[in-house]
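Visitor: One structure follows; several queries about it will come next.
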Amino acid sequence: MNISSSLPHSQTPNSEALTAQAELYYAQGHLSEAIACCRQSLNLQPNWASTYVTLANIIQAQGKISEAINLYYRAIELNPELSQAHVNLGSMFFRQGKLDEAIAYYRKAIQLRPDMAVAYWNLAKVWQQLGKLDEAIASEEKALKLNPNLGGFEVNLSQGYKLAEEGKLDEAIDSWQKAITLNPNLAEAYSQIGIIFRSQGKFSEAIKYLKKAIEVQPNYATAHQHLCGILRDGNNYVVAREAVTNYYQECGEIDPIMTGIYLISTYQISGLNEIAKDRFFDLEAKLKEDMTIVKKVVDIKALYGNFLFSVPYLRDNIQVNSDLYRSVSKIYTQFVLKPQNNHFSTPVNFDNKHLLKFGFISSHFNRHSIGWCSLDIIRELGKLNTEIYLYPTERLKADDQTQKFSQAVTKLYVPKKYPQGSVDVREIITEIQQDKIDILIDLDSLSLPINTEILYHKPAPVCISWLGFDAPYISENNYFLCDSYTHPQDRDKYYIEKLVRMPNSFVATSGFQRIETNRANLRKSQRIGLDQIVYLCLAPGRKFNRDLVKAQIAILKQVPNSILIHV
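Using this note's numbering, the letters of the sequence shown correspond one by one to residues 8 to 574.
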């Protein structure tokens with residue numbers, strides 16, 4: 008192709024003119040012609056830095072990110088003051104998930120050109136990805152102050168986040184839909200809509216939008232995570248494993264922590280615990296080798312709330328498990344909990360002028376194992392000259408069991424704010440402090456990190472974890488309620504919380520329907536002798552593993568002629 012014929016008749020081909028022509032071709036979508044202009048420009052002047060930037064822009068549009076990065080590096084080598092090369096290089100690293108590098112190059116671009124609005128705008132995206140919303144808002148506001156016309160669809164995208172943070176979820180969805188109208192290939196908007204639908208329990212709609220996000224951007228990790236989460240928690244484990252395998256193939260290199268966690272949980276809940284265990288050991292080895300690979304807040308939260316949740320079902324070694332819990336909870340406390348500590352007031356002390364007030368936090372004041380096991384105890388506790396307050400820490404799915412809780416307590420508080428579809432931690436803490444709770448009891452521990460976040464800020468004089476899971480490993484000033492069977496006297500050294508042992512390890516529950524039948528006839532129909540001991544195991548796939556089987560076999564051997572029924 009004769010590039011010279013495309014230039015104005017009075018203009019002799021030179022690098023500046025050829026680069027401008029390449030930009031024009033690029034804007035028109037004629038990438039081959041644009042590349043040809045750049046090549047001709049570099050033949051004339053091999054050290055023309057601007058041409059390398061333009062060529063890199065074209066190459067990255069073809070999906071050749073590594074090649075584009077090398078070209079941006081070359082441009083900077085030739086002209087270190089070229090701000091456009093720095094900002095574009097930052098965008099390449101952002102696409103690769105290398106957020107520290109992206110931040111460094113965006114900041115360098117801003118240093119070179121303090122009025123470069125797009126650098127602030129792109130930096131806001133990185134802060135948002137890292138969960139640093141205050142920094143994201145500040146960078147975005149600076150960008151719009153410099154260039155009020157900046158953004159286009161990105162203004163709608165940003166507005167959606169603000170509305171979601173305020174709990175205005177329908178308005179947020181509308182804003183993201185407008186962004187999609189302006190840019191139909193906007194994976195981020197599809198993904199956010201899917202996430203909101205998931206939080207509302209609208210799983211079919213959520214799956215549709217999350218799949219669309221992955222279709223337009225196959226390595227969009229956030230969409231993969233939520234799609235895998237929905238499918239994992241459903242009943243079609245084959246489809247769930249296919250989804251998590253696709254996630255790993257597309258994002259394993261740029262998102263090693265989250266892909267590892269989702270592989271573990273998906274195989275575990277499918278009952279394939281040996282595969283899950285192998286994945287668990289792989290990820291644990293990486294963390295032991297270099298914990299600094301964990302950089303994003305979302306990764307830290309997932310390690311604490313999901314990765315640690317898997318540990319007891321994959322390895323029975325309290326010393327090694329305790330070390331892992333401590334190392335993960337340390338970074339969780341440092342980077343997630345401590346930065347928010349100044350948002351909350353100092354808790355009140357005991358007030359002897361009123362009845363002793365107990366508060367319970369949980370997401371399971373309904374038909375759930377925690378709901379069944381705690382209702383009668385809470386009901387009886389309320390009869391001991393006390394006041395009982397319940398604080399749901401997720402959007403409450405009320406049922407007949409919820410009604411029983413409501414009738415048994417002084418107050419069942421229903422949260423009013425749901426930023427991003429989740430309960431507002433500050434709202435719950437404020438309510439607990441206003442109610443002047445004396446003893447706060449958490450029923451979920453790290454299986455629901457919002458509960459441990461509340462406990463960390465100690466909104467009551469005494470804070471205790473109990474029932475739903477093991478201790479949360481966040482504060483030596485808090486307590487964990489256990490017994491001498493589950494936690495013998497030599498176990499205190501493995502914990503951060505103080506262990507308080509109850510005298511017994513059983514819980515009586517009521518409210519289950521019972522079918523009256525003739526015991527002898529029922530046993531006879533199942534070919535079970537009247538003197539045989541029958542054991543029942545209800546462990547789902549996530550909790551079923553070889554160690555459990557070995558323990559069951561050992562018990563059966565000690566009880567001759569006994570039977571195990573696994574449902």
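Think of the CB as a built atom: it goes at the ideal place given N, C-alpha and C, for glycine as much as any other residue.
Using CA atoms only, rank isn't needed, just tell me which of Lys-364, Lys-302, Leu-488, Leu-362 is closest to Val-335.
Guide: Val-335 has its Cα closest to that of Lys-302, out of Lys-364, Lys-302, Leu-488, Leu-362.
Visitor: Could you tell me which residues DSSP puts in a beta bridge with Glu-394?
Guide: Lys-364, per the DSSP bridge assignment.
Visitor: Return the CA-CA distance between His-233 and Asn-528, expressed in angstroms with no decimal places.
Guide: Going by the C-alpha atoms only, they are around 49 Å apart.
Visitor: Where does the unbroken alpha helix (DSSP H) through Met-265 begin, and where does it stop?
Guide: Where Met-265 is concerned, the enclosing alpha helix (DSSP H) stretches over 263-276.
Visitor: Quick one, are the C-beta atoms of Ser-146 and Tyr-168 less than 8 Å apart?
Guide: No, these two residues do not count as a Cβ contact at 8 Å.
Visitor: Given Ser-512, which residues of its chain have a CB within under 7 Å of its CB, disregarding the five upstream and five downstream residues?
Guide: Same-chain partners within the cutoff: Asp-490, Tyr-492, Thr-493.
Visitor: Starting from the N-terminal side, write out each stretch of the alpha helix (DSSP H) that is 4 residues or longer and does not extend beyond the region 403-429.
Guide: Taking only runs of at least 4 residues, the alpha helix (DSSP H) segments lying wholly in the region 403-429 are 407-415.
Visitor: Can you tell me whether Ser-17 is buried or exposed, with buried defined as 16 or more other CB within 10 angstroms of its CB?
Guide: Caution applies to Ser-17, whose pLDDT of 43 falls short of 50 and renders its modelled position unreliable; the value that the coordinates give is listed next. Ser-17 should be labelled exposed.
Visitor: Could you check where the alpha helix (DSSP H) with Val-335 kicks off and where it finishes?
Guide: Counting along the chain, the alpha helix (DSSP H) containing Val-335 begins and ends at 325-339.
Visitor: Should the region 272-291 be regarded as contacting the region 448-462, the criterion being three or more beta carbon pairs within less than 8 Å?
Guide: Touching, no.
Visitor: In chain order, what residues of the same chain have a beta carbon less than 7 Å from the beta carbon of Leu-555, not counting five sequence neighbours either side?
Guide: Contacts found: Ala-546.
Visitor: With distances taken from CA atoms, which of Ala-196, Glu-142, Asn-190 is nearest Gly-159?
Guide: That would be Asn-190, whose Cα lies nearest to the Cα of Gly-159.
Visitor: What is the DSSP secondary structure of His-573, counted as helix, strand or coil?
Guide: Three-state result, His-573: strand.
Visitor: Note down, in chain order, each residue of its chain lying with its Cβ closer than 6 Å to the Cβ of Lys-3, except the 5 sequence neighbours on either side.
Guide: With the chain running from 8 to 574 in the structure shown, residue 3 is simply not present.
Visitor: State the CB to CB distance for the pair Ala-230 and Ile-237, rounded to an integer number of angstroms; the pair is presumed to be in contact (CB under 8 Å).
Guide: Rounded, the Cβ-Cβ distance is 11 Å, inconsistent with contact.
Visitor: Are Gly-1 and Pro-468 touching if we call contact CB-CB under 8 Å?
Guide: An answer regarding residue 1 cannot be provided, because it is not within the stretch 8 to 574 covered by the chain.
Visitor: Per the DSSP calculation, Tyr-542 is bridged to which residue(s)?
Guide: In the DSSP output, where bridge partners are listed per residue, Tyr-542 has Leu-571.
Visitor: Let me know the secondary structure DSSP gives Ser-482 once reduced to three states.
Guide: In this structure, Ser-482 counts as coil in the three-state DSSP scheme.
Visitor: According to DSSP, which residues form a beta bridge with Leu-517?
Guide: According to the sequence provided, residue 517 is Ser. The question's Leu does not apply to it. Per DSSP, none; premise fails for Ser-517.
Visitor: Could you tell me the alpha carbon to alpha carbon distance between Gln-1 and Glu-84, rounded to whole angstroms?
Guide: The structure shown does not extend to residue 1, since the chain spans only 8 to 574, so no value can be given for it.
Visitor: What residue range does the beta strand (DSSP E) around Lys-505 cover?
Guide: 505-509 is the extent of the beta strand (DSSP E) around Lys-505.
Visitor: Is the beta carbon of Pro-456 less than 8 Å from the beta carbon of Gly-312?
Guide: In this structure, Gly-312 lies closer than 8 Å to Pro-456 by Cβ.
Visitor: For Pro-121, name the three-state secondary structure that DSSP assigns.
Guide: Here Pro-121 sits in coil by DSSP.
Visitor: How about Gln-539 and Ser-517: are their beta carbons less than 8 Å apart?
Guide: Against a cut-off of 8 Å, the Cβ pair of Ser-517 and Gln-539 comes out as no contact.
Visitor: If I measure Cβ to Cβ from Ser-206 and keep anything under 6 Å in the same chain, skipping five residues before and after, which residues do I get?
Guide: Contacts found: Gly-428.
Visitor: Using C-beta distances below 6 Å, list every residue in its chain close to Val-5, excluding the 5 sequence neighbours before and after it, in chain order.
Guide: For the chain, the structure presents residues 8 to 574; residue 5 sits outside this window and is missing.
Visitor: Span of the beta strand (DSSP E) holding Val-246?
Guide: Taken as a continuous stretch (DSSP letters only), Val-246 belongs to no beta strand (DSSP E), being part of the alpha helix (DSSP H) at 244-258.
Visitor: Looking only at C-alpha atoms, which of Tyr-501, Tyr-463, Tyr-320, Ala-68 sits nearest to Gln-595?
Guide: Residue numbering for the chain in the displayed model covers 8 to 574; residue 595 lies beyond these limits and cannot be assessed.
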